[in-house]
Amino acid sequence: MTLLTRFAFWMYALLLRLYPRYYQEEYGEEVTAVFQHHLQQAAASSPRDALAVVGRELRDWPLSCLREHARERNRQLLLPRPLFVSGWGAVAAGVPFLFSFVTFGLLFSFIPNLTRFMPLYFLAGGVLVAWWRRWPGWVVSWLGLLIFYGQNWLPYTFFTAELPWNSMSRLLDNLSQVVIQVGWLLVMAWVVRRWPRHGTLVFLQFLLLPWAFSLEFVSEAISAVIFSIINLFLAVTAIAIARQRSLSGDLWLMLSATLLPGLLLSWGAATFSPSMGFTLSSVPPQFLQAVVPFLVIILLQTLNAWGQENGRTTHRLTRTIAVSTWVAFFAVLILQRLVGPSDLAAFQLRGATILIGLWLLGVVVLLVSAWRLRSASLPRPVLAFYGLMLLLLPVLQRPANLTFMVRSLTYNKPALSDIAALIPAFETADFITFNLGLVGVVLLPWMVGRVRQQTAAFPKFPQPTGWQAQPRLASDGRSRRKRMVALLLGGTLLVGCVGFLIVFLPLQLEAEPYTQQVALGDVDGDGDLDALLANTRRLIPNADNALLLNEGNGRFVLTGQSVGNGSTDALFLDMNEDGALDILLSSFGGPIPYINQGDGRFSHLNLRFQGFQTPESGINTAFLQTGDLNGDGLMDVFVAGCCGMGISSEPTPGQMRWVPAANRVLFGSEERLVDSGQALGTAGSEAIDLGDLDGDGDLDAFVGNTQGSGEVLQNNLPNEVWLNDGSGQFSDSGQMLGQQRTYAVALGDVDGDGDLDALVGNDGADELWLNYGDGRFILSAQSWSQRITLTAALVDMDGDGDLDAVTGHELTSSFAWWRQGIIWWNDGRGHFTKGPTIRYRPNGALAVGDVDGDALPDLVVGELDEVKVWLNEGNGRFSPAPTFEG
Amino acid sequence: MQDQIPLQETTFFILLSLSRQPRHGYAILQDVAQLSNGRIQLSTGTLYGALRRMLDLAWIDRYDAATETVNGRIRKAYRITDLGQKILNADVARMQDMITAVQSKPA
Numbered sequence: 000m001t002l003l004t005r006f007a008f009w010m011y012a013l014l015l016r017l018y019p020r021y022y023q024e025e026y027g028e029e030v031t032a033v034f035q036h037h038l039q040q041a042a043a044s045s046p047r048d049a050l051a052v053v054g055r056e057l058r059d060w061p062l063s064c065l066r067e068h069a070r071e072r073n074r075q076l077l078l079p080r081p082l083f084v085s086g087w088g089a090v091a092a093g094v095p096f097l098f099s100f101v102t103f104g105l106l107f108s109f110i111p112n113l114t115r116f117m118p119l120y121f122l123a124g125g126v127l128v129a130w131w132r133r134w135p136g137w138v139v140s141w142l143g144l145l146i147f148y149g150q151n152w153l154p155y156t157f158f159t160a161e162l163p164w165n166s167m168s169r170l171l172d173n174l175s176q177v178v179i180q181v182g183w184l185l186v187m188a189w190v191v192r193r194w195p196r197h198g199t200l201v202f203l204q205f206l207l208l209p210w211a212f213s214l215e216f217v218s219e220a221i222s223a224v225i226f227s228i229i230n231l232f233l234a235v236t237a238i239a240i241a242r243q244r245s246l247s248g249d250l251w252l253m254l255s256a257t258l259l260p261g262l263l264l265s266w267g268a269a270t271f272s273p274s275m276g277f278t279l280s281s282v283p284p285q286f287l288q289a290v291v292p293f294l295v296i297i298l299l300q301t302l303n304a305w306g307q308e309n310g311r312t313t314h315r316l317t318r319t320i321a322v323s324t325w326v327a328f329f330a331v332l333i334l335q336r337l338v339g340p341s342d343l344a345a346f347q348l349r350g351a352t353i354l355i356g357l358w359l360l361g362v363v364v365l366l367v368s369a370w371r372l373r374s375a376s377l378p379r380p381v382l383a384f385y386g387l388m389l390l391l392l393p394v395l396q397r398p399a400n401l402t403f404m405v406r407s408l409t410y411n412k413p414a415l416s417d418i419a420a421l422i423p424a425f426e427t428a429d430f431i432t433f434n435l436g437l438v439g440v441v442l443l444p445w446m447v448g449r450v451r452q453q454t455a456a457f458p459k460f461p462q463p464t465g466w467q468a469q470p471r472l473a474s475d476g477r478s479r480r481k482r483m484v485a486l487l488l489g490g491t492l493l494v495g496c497v498g499f500l501i502v503f504l505p506l507q508l509e510a511e512p513y514t515q516q517v518a519l520g521d522v523d524g525d526g527d528l529d530a531l532l533a534n535t536r537r538l539i540p541n542a543d544n545a546l547l548l549n550e551g552n553g554r555f556v557l558t559g560q561s562v563g564n565g566s567t568d569a570l571f572l573d574m575n576e577d578g579a580l581d582i583l584l585s586s587f588g589g590p591i592p593y594i595n596q597g598d599g600r601f602s603h604l605n606l607r608f609q610g611f612q613t614p615e616s617g618i619n620t621a622f623l624q625t626g627d628l629n630g631d632g633l634m635d636v637f638v639a640g641c642c643g644m645g646i647s648s649e650p651t652p653g654q655m656r657w658v659p660a661a662n663r664v665l666f667g668s669e670e671r672l673v674d675s676g677q678a679l680g681t682a683g684s685e686a687i688d689l690g691d692l693d694g695d696g697d698l699d700a701f702v703g704n705t706q707g708s709g710e711v712l713q714n715n716l717p718n719e720v721w722l723n724d725g726s727g728q729f730s731d732s733g734q735m736l737g738q739q740r741t742y743a744v745a746l747g748d749v750d751g752d753g754d755l756d757a758l759v760g761n762d763g764a765d766e767l768w769l770n771y772g773d774g775r776f777i778l779s780a781q782s783w784s785q786r787i788t789l790t791a792a793l794v795d796m797d798g799d800g801d802l803d804a805v806t807g808h809e810l811t812s813s814f815a816w817w818r819q820g821i822i823w824w825n826d827g828r829g830h831f832t833k834g835p836t837i838r839y840r841p842n843g844a845l846a847v848g849d850v851d852g853d854a855l856p857d858l859v860v861g862e863l864d865e866v867k868v869w870l871n872e873g874n875g876r877f878s879p880a881p882t883f884e885g
Numbered sequence: 000m001q002d003q004i005p006l007q008e009t010t011f012f013i014l015l016s017l018s019r020q021p022r023h024g025y026a027i028l029q030d031v032a033q034l035s036n037g038r039i040q041l042s043t044g045t046l047y048g049a050l051r052r053m054l055d056l057a058w059i060d061r062y063d064a065a066t067e068t069v070n071g072r073i074r075k076a077y078r079i080t081d082l083g084q085k086i087l088n089a090d091v092a093r094m095q096d097m098i099t100a101v102q103s104k105p106a
């Protein structure tokens with residue numbers, strides 16, 4: 000043997016090691032023997048022939064090696080046994096849809112309360128089906144899907160029924176959360192065991208999520224990277240699953256297809272929106288949106304089965320539809336971003352853009368499907384049925400598509416009033432088409448079962464060799480090592496899963512009710528500031544407010560008094576002029592007064608506010624500020640109307656009509672607060688501060704706006720300045736200040752020029768607006784926090800005679816673990832530099848006041864029924880005060 | 000079946016080789032070279048890539064050639080299946096049609 004042949008053998012052995020392990024085991028000896036034999040024969044002929052053999056091997060090696068790796072990957076992705084749904088099994092699979100049909104479509108109209116228990120129907124249906132079908136894989140997948148969406152549903156459907164917020168309901172809430180989470184994790188553990196590769200990918204995202212949330216506090220960039228990785232996992236999973244060749248694979252494709260849009264939409268909305276209300280109210284459409292890809296896939300797989308006899312590309316349809324759906328979905332997202340580039344809320348299912356986008360998605364699905372349908376040799380009735388389903392799919396994605404679109408297009412457009420008048424007809428049309436679609440959805444699994452039964456008789460395409468090779472792999476030593484690795488990995492995942500459960504679940508539970516505002520005032524006449532915590536929840540405001548009395552040293556004791564619940568704002572003012580501070584609560588049901596009996600004990604005063612009735616479904620008294628607005632010496636109240644709809648008795652007294660909620664002015668009188676009758680803007684105001692902005696001696700209003708009120712919301716409405724004529728009559732100054740949602744406003748002279756400037760806390764970069772002195776403002780070119788700002792205050796924190804700023808921030812995720820308070824030091828000329836920061840829990844609200852009597856303002860954080868204080872040391876530092884329990 | 004043809008040249012010659020008798024890898028290599036008059040010289044990578052693909056498609060079958068051993072181990076051999084034979088025949092028929100068309104007299 001020459002040196003050349005020895006070197007060639009060595010090189011060949013080296014290259015062979017780069018092939019997949021399976022290939023080496025199965026063909027390694029064989030190809031080596033062939034190569035050696037071939038080379039020896041060639042070398043015996045001439046060195047040139049030997050070199051040619053080696054050259055050909057080198058030439059072909061890269062492509063051959065890559066091809067074998069691709070083949071190996073495909074082999075691993077194949078499931079060992081295809082599963083076909085029988086006719087009855089398919090009917091059983093339709094049971095959850097049947098529940099949906101019954102509860103959603105028909106009974107909802109007559110018995111609304113049934114929807115409260117819809118998740119239970121779904122879960123029970125899933126369990127029954129699973130029991131009936133003896134837990135085949137697809138049922139468990141289906142159950143997993145239900146549980147996944149159920150975890151969104153269950154608590155909130157209870158809340159929407161406005162159950163009293165007592166210990167039993169809380170227990171139920173927590174219990175349901177635990178059951179749902181544990182159920183979901185068990186399903187995931189099962190998935191990992193059943194399909195290690197895909198299951199692991201899906202599972203990993205759940206392990207990564209808490210890190211993504213928690214690291215957001217450290218760095219939003221890191222958090223964004225983790226979220227990107229999670230999305231990448233999901234995308235890879237979806238692609239990998241799309242390549243599978245069984246019905247189970249279809250269901251996995253469905254599961255993955257639902258996960259990513261579901262996550263993007265629901266978590267995207269939750270992440271970028273300070274209020275989850277809209278997100279939660281759109282959960283049912285999300286569910287439908289999630290189910291639709293599943294239906295499309297089943298539909299197309301069935302068509303695939305019909306066209307299977309040609310035996311070539313049995314899954315081209317599935318791939319096509321999956322890819323086109325995803326492309327359309329991302330196109331919609333991109334479109335939204337282009338339409339509203341500065342609007343993070345664009346990710347929400349809101350407005351005409353997304354509705355049109357969803358329609359676009361449906362149209363793409365329809366066109367692609369129709370294009371593919373032409374090659375399917377289906378019986379005409381079946382073809383017609385599928386055609387109808389395809390037509391209804393876009394409608395099913397959102398039950399009130401037509402109505403919403405008409406409302407969006409005609410809102411505030413008098414010229415289109417004729418079309419708007421047809422809205423009831425569109426509602427009826429939506430109702431009919433939606434129910435028709437659901438009937439079809441109920442029948443679809445049955446049809447699929449029938450078709451599958453028939454296609455089962457078709458000659459099957461030969462199974463890939465990988466299927467036969469799998470058992471052999473399982474018997475060698477390397478496979479045992481693989482199993483050990485898989486076991487360790489699975490164990491690690493489970494441990495991580497438990498950790499996730501321990502860490503994330505309590506946080507999720509605690510994050511539900513939260514403190515919206517902290518009011519500070521001396522209610523018991525002992526000379527120190529006591530605290531009232533306005534507590535609420537995101538969907539139904541049924542968290543009790545809390546009154547805590549200051550012991551004089553900054554320690555707060557919970558009084559246990561009942562001072563209302565579900566308040567978005569609270570303020571202390573002496574309503575009855577007895578010298579003791581009373582309470583005025585802003586709430587879903589309008590302003591609610593609590594009268595101080597003089598010793599810090601409060602009684603609920605059932606005042607009826609003239610002309611200021613509030614519908615049950617709208618928040619139109621969201622935030623309050625008090626001051627003497629009409630110069631009569633009595634305290635009046637400026638009410639930020641925020642959102643939703645209100646009732647107006649104008650123009651005909653006694654005849655109520657629905658109007659978008661507006662800002663109001665309530666004048667104080669001897670006995671009650673009287674609505675002045677002014678409707679000051681419907682821009683969804685969530686922040687106000689009062690002060691003499693134009694130097695005429697009366698109190699004007701700087702109003703921070705968000706997204707408008709009414710049924711059709713707009714985004715990023717500018718803030719407004721309302722000028723007082725001295726008698727409490729306000730007029731719009733016409734200024735449009737800023738293009739972001741504003742949640743906090745603080746007025747104060749920050750630059751020492753004698754007029755009031757405005758610090759504006761936004762959903763995004765905060766702004767400082769400097770006053771010319773006449774109520775006109777110009778934006779200061781300073782960089783502030785980029786986070787969501789919920790609190791803004793201008794107070795001299797360091798005693799140097801100028802106003803410093805205190806801002807309280809929510810991180811960009813609603814599931815964030817912390818909130819952050821920041822002190823900004825003023826140099827006396829209105830230039831601020833970032834100072835110390837504090838962290839508090841995501842259910843907390845920040846306020847500023849001297850609670851320990853040292854004449855230095857301290858930082859006060861209310862967290863539901865607890866007050867935490869950071870005492871101002873006077874040297875620019877703040878130290879946490881011992882808590883009440885200490 | 001029609002969408003599987005025309006066959007690649009390599010695939011065609013391998014199937015042709017196996018249609019005459021079952022062979023092991025090196026024998027296929029040599030036979031393909033001979034059948035193509037030395038024009039097609041396969042590397043082992045290309046050969047086994049094609050063999051694996053045809054195994055997946057069930058055009059050929061891999062079996063233990065009990066009478067032949069290499070280094071004390073039973074040698075693997077390959078034989079064409081009925082499906083593979085049909086594919087080959089279909090491709091041959093296609094080529095024959097082409098040749099017939101070329102040789103037919105112009106109208």
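Residue numbers (numbering that gives the first Met the number 0), protein chains in the order written: chain D, 0 to 885; chain A, 0 to 106.
All C-beta atoms, glycine included, are put in the ideal place defined by N, C-alpha and C.
Exercise for the section: Check whether the Cβ of D:E67 lies closer than 9 Å to any Cβ atom in chain A. Expected result: D:E67 has a beta carbon lying within less than 9 Å of a beta carbon in chain A.
Practice task
Pick out whichever of D:L672, D:Q785, D:D748, D:D691 has its Cα sitting closest to the Cα of D:H808.
Solution key: The candidate whose alpha carbon is nearest that of D:H808 is D:Q785.
Handout entry: Residues in the segment 15-48 of chain A having any Cβ partner in chain D nearer than 7 Å
Key = Close to chain D, meaning a Cβ-Cβ distance shorter than 7 Å, are the following residues of the segment 15-48 of chain A: G24, Y25, L28, Q40, S42, T43, G44, T45, Y47, G48.
Handout entry: Endpoints, beta strand (DSSP E) assigned at D:L532
Key = Start and end: 529-535.
Practice task
Would you mind working out which of D:R20, D:T514, D:W60, D:F34 sits nearest D:D864, comparing C-alpha positions?
Solution key: Nearest option by C-alpha distance: D:T514.
Practice task
Reducing DSSP to helix, strand and coil, say where A:K104 ends up.
Solution key: Here A:K104 sits in coil by DSSP.
Handout entry: Unbroken alpha helix (DSSP H) run spanning D:H603, endpoints
Key = Counted as a single uninterrupted DSSP element, the stretch harbouring D:H603 is not any alpha helix (DSSP H) but the beta strand (DSSP E) occupying residues 601-603.
Exercise for the section: Drop a sphere of 10 angstroms on the beta-carbon of D:R840, count the other beta-carbons inside from all chains shown, and report buried for 16 or more, exposed for fewer. Expected result: Buried: at least 16 other Cβ atoms inside 10 Å.
Problem - Cβ contact (3+ pairs, closer than 8 Å) linking the segment 841-860 of chain D and the segment 37-48 of chain A - result: They do not touch, by the three-pair rule.
Problem - Nearest-angstrom beta carbon gap, A:L82 and A:A64 [assumed within contact, 8 Å] - result: Not a contact, Cβ separation roughly 21 Å.
Practice task
Quick one: using the 10 Å Cβ neighbour count with 16 as the cut-off for buried, is D:N874 buried or exposed?
Solution key: So D:N874 ends up on the exposed side.
Problem - Among D:M10, D:P590, D:M574, D:L548, nearest to D:Q598 - alpha-carbon criterion - result: A quick correction: the sequence has Asp, not Gln, at residue 598 of chain D. Answer by Cα proximity: D:L548.
Practice task
Spell out whether any CB of chain D is found under 9 Å from the CB atom of A:K75.
Solution key: It does; some Cβ of chain D falls within 9 Å.
Problem - Continuous alpha helix (DSSP H) stretch holding D:H37: start and end - result: The continuous alpha helix (DSSP H) containing D:H37 extends over residues 20-44.
Handout entry: Within-9 Å CB hit, D:W60 to chain A
Key = With 9 Å as the cut-off, D:W60 counts as an interface residue toward chain A.
Practice task
Indicate whether D:E862 and D:G848 have their beta-carbon atoms separated by less than 9 Å.
Solution key: No, the Cβ-Cβ distance between D:E862 and D:G848 is not below 9 Å.
Problem - Any C-beta of chain D under 9 Å from that of A:R78 - result: Not one chain D Cβ lies under 9 Å of A:R78.
Practice task
Over the uninterrupted beta strand (DSSP E) stretch that includes D:D635, give me the two end residues.
Solution key: Per DSSP, D:D635 belongs to the beta strand (DSSP E) from 635-639.
Handout entry: D:L504 in three-state terms, based on DSSP
Key = The pLDDT assigned to D:L504 is 40, lower than 50, so where the model puts this residue is not dependable, and the model offers no usable value.
Problem - Buried or exposed by the 16-neighbour rule on C-beta atoms within 10 Å, applied to A:K104 - result: Looking at its Cβ environment, which holds fewer than 16 other Cβ atoms inside 10 Å, A:K104 is exposed.
Exercise for the section: May I have the straight-line CA-CA distance separating D:G703 from D:N595, to the nearest angstrom? Expected result: Approximately 31 Å between the Cα atoms of the pair.
Practice task
Show which residues of chain A have a CB atom less than 9 Å away from the CB atom of D:Y21.
Solution key: Identification of chain A residues near D:Y21 by a Cβ-Cβ cut-off of 9 Å yields none; the smallest Cβ-Cβ distance measures about 11 Å.
Exercise for the section: Could you have a look at D:D762 and say whether DSSP puts it in helix, strand or coil? Expected result: Strand.
Exercise for the section: For D:V749, name the three-state secondary structure that DSSP assigns. Expected result: In this structure, DSSP gives D:V749 a state outside helix and strand, which the three-state scheme calls coil.
Practice task
With 9 Å as the threshold, decide whether the Cβ of A:R93 is near any Cβ in chain D.
Solution key: Taking Cβ atoms only, chain D never reaches closer than 9 Å to A:R93, which makes this a no.
Problem - Backbone secondary structure at D:S878 - three-state DSSP - result: Looking at D:S878 - three-state DSSP - the assignment turns out to be strand.
Practice task
Run down chain A in chain order and give the residues with a C-beta less than 7 Å from the C-beta of D:R886.
Solution key: Because chain D in this structure spans residues 0 to 885, residue 886 of chain D falls outside the shown range and cannot be described.
Practice task
Could you round the C-beta distance between A:Y77 and A:L15 to whole angstroms and report it? I think they count as a contact, below 8 Å.
Solution key: That pair is no contact at about 13 Å.
Handout entry: Span of the alpha helix (DSSP H), counted from its first residue to its last, around A:Y47
Key = Run containing A:Y47: 43-55, per the alpha helix (DSSP H) assignment.
Practice task
Determine the closest residue to D:D573 out of D:Q560, D:V636, D:T535, D:G630, with distance taken between C-alpha atoms.
Solution key: The candidate whose alpha carbon is nearest that of D:D573 is D:V636.
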